[in-house]
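Trainee: Convert by adding 25 to the 1-based position in the sequence shown; the result is the number in this note's numbering. Built from N, CA and C at the ideal position, the CB exists for glycine as well.
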Amino acid sequence: MHESREGFRKTVEKASSKEVPSWVIMEVSGQIIGSLSYYIEDPQSMWIETGIVMYQAADWNKGCGTKAMKCWITYLFQVLPIVRIGLTTWSGNVRMMSVGTKLGMQVEGRMRKCRIVDGIYYDSIRMGMLREEWEARHSS
């Protein structure tokens, strides 16, 4: 989260100044409910990681995250010369793992007990999808 409106404004300006923004906001009915982002994990292979943040629990479990992530990943595959896209979450984040699964991502890796949330150890889960898998599944 941003400390101030000015900090938020600067982040938006920085993201929107790029040819392909690395960060976008999610807006529903005039309300900002979250954000989507990506970063380049390996510039040589153009492997990117993506993520989503839903700011309020009241907006969870409504399908907004899945729809937004589908649009975001489609956009990234259209505008970037990437071969694969991935996301990393923790084993207690069932909603995020569900989003990845619904979109056709596969669990590609699990690092055991390396994340601590509320004093409890969780596994780190890496999910991913190749361009050709995305196109076969979502081209229509």
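#1: Assign Trp-85 to one of three DSSP states: helix, strand, or coil.
#2: Buried or exposed, going by whether 16 or more other CB atoms sit within 10 Å of the CB of Ala-83?
#3: Taking DSSP's pairing of strands, which residues face Trp-48 in a bridge?
#4: Just verifying my parser: in three-state terms, what is the DSSP assignment at Gly-76?
#5: Hey, would you say Trp-167 sits closer than 8 Å to Ile-98, going by beta carbons?
#6: I need the boundaries of the beta strand (DSSP E) containing Ser-164, first residue and last residue.
#7: Determine the burial state of Ser-60: buried for a count of at least 16 other Cβ atoms within 10 Å of its Cβ, exposed for fewer.
Mentor: Short version:
#1: Three-state result, Trp-85: coil.
#2: Within a 10 Å sphere around the beta-carbon of Ala-83 sit fewer than 16 other beta-carbons, which makes this residue exposed.
#3: Beta-bridge pairing links Trp-48 to Ser-62.
#4: The three-state reading of DSSP puts Gly-76 in strand, counting E and B together.
#5: Outside the shown range of the chain (26 to 165) lies residue 167, about which nothing can therefore be said.
#6: Where Ser-164 is concerned, there is no enclosing beta strand (DSSP E), given that its DSSP letter is neither H nor E.
#7: Ser-60 is buried by the Cβ-count criterion.
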